Amino acid sequence: MLDEPTNNLDIETIELLEEQLAQYQGTIFIVSHDRAFLNNVVTSTLVFEGGGKVREYVGGYDDYIREKLNAAKAVRPEKKPAKQQKKSSEKPRRLSYHEKKELEKLPEQIETLEEKLSGLHSDLADPDFYKSTPEQIAKSNTRLKDLEKQLEEKYDRWQTLEQIKEGKV
Numbered sequence: 456m457l458d459e460p461t462n463n464l465d466i467e468t469i470e471l472l473e474e475q476l477a478q479y480q481g482t483i484f485i486v487s488h489d490r491a492f493l494n495n496v497v498t499s500t501l502v503f504e505g506g507g508k509v510r511e512y513v514g515g516y517d518d519y520i521r522e523k524l525n526a527a528k529a530v531r532p533e534k535k536p537a538k539q540q541k542k543s544s545e546k547p548r549r550l551s552y553h554e555k556k557e558l559e560k561l562p563e564q565i566e567t568l569e570e571k572l573s574g575l576h577s578d579l580a581d582p583d584f585y586k587s588t589p590e591q592i593a594k595s596n597t598r599l600k601d602l603e604k605q606l607e608e609k610y611d612r613w614q615t616l617e618q619i620k621e622g623k624v
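Residue numbering for the sequence shown follows the working numbering, beginning at 456 and increasing consecutively.
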């Protein structure tokens, strides 16, 4: 078990440590904030995902982030609305003018949020980022959570509007 093995090491020593770990044939658990180091030496990443869940991802930290972003981009499973009794004379709900305009803008808004998230993930992946003040780090982490929440809300709204458009609601 290695806990923050690159703390207080110069670049040459870190490179030597990376070489030695790459040649090692056994299993090593490494806990580190040094994402470049992790990307260079690990073959799988264990991530605490909240609620007591730990998930394993193949590859280093960047691989984990890439997989997480791809999962966010994937089409979300359809939520089944509560069954409602429709009268035979009742017409399916149609999109209002404002909802049509909103639906047209959603893909661009989602893409913008995904780009912001990607940029923020890149910033957070930079080891130098963690040399900034604790307030700046906390602000970035709060921004990350906020962007992820906004993205989820946009996907949910898009799904709802598409269901209305298709006459499923």
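Just so you know, even glycine gets a beta-carbon here, dropped at the ideal spot from N, CA and C. Predicted model, so just to flag it, every value in this text is computed and none were measured.
Legend entry - Top-ranked residue by Cα proximity to Leu602, from Thr615, Glu570, Pro582 and Glu590: With distances taken between CA atoms, Leu602 lies nearest to Glu570 out of Thr615, Glu570, Pro582 and Glu590.
Inset, instruction - Taking 8 Å as the cut-off, decide whether the C-beta atoms of Val502 and Tyr512 are in contact. - result: Yes.
Legend entry - Secondary structure, beta strand (DSSP E): runs of 3+ residues fully inside the region 574-600: Here no run is fully enclosed.
Legend entry - Three-state class that DSSP yields for Tyr552 in the structure shown: Helix.
Inset, instruction - Using a threshold of 8 Å, state whether the C-beta atoms of Tyr403 and Arg549 are closer than that. - result: The structure shown does not extend to residue 403, since the chain is modelled only from 456 through 624, so no value can be given for it.
Inset, instruction - Check the C-beta distance from Leu561 over to Lys620 and give it rounded, since I have them as a contact under 8 Å. - result: So it is not a contact: roughly 12 Å between Cβ atoms.
Inset, instruction - Would you mind stating whether Asp578 and Ser595 have Cβ atoms separated by less than 8 Å? - result: Yes; because the gap between Cβ atoms is below 8 Å, this pair is in contact.
Inset, instruction - Ignore the nearest five residues each way along the sequence and tell me which others in Phe492's own chain have a CB closer than 6 Å to its CB. - result: Within the same chain, Phe492 has close Cβ partners Thr461.
Legend entry - Integer Cβ distance of Gln564 from Lys609, believed to fall under 8 Å: Yes, Gln564 and Lys609 are in contact; Cβ-Cβ is about 6 Å, under 8 Å.
Legend entry - Coarse secondary structure for Thr461, derived from DSSP in three states: The answer is coil: DSSP assigns Thr461 none of H, G, I, E or B.
Legend entry - For Lys620, three-class secondary structure by DSSP: Three-state result, Lys620: helix.
Inset, instruction - Counting only the same chain and skipping the five closest in sequence on each side, list residues whose C-beta sits under 7 Å from that of Arg510. - result: Shown here for Arg510: same chain residues with a beta carbon closer than 7 Å to its own, the five before and five after excluded, namely Val502 and Glu504 in chain order.
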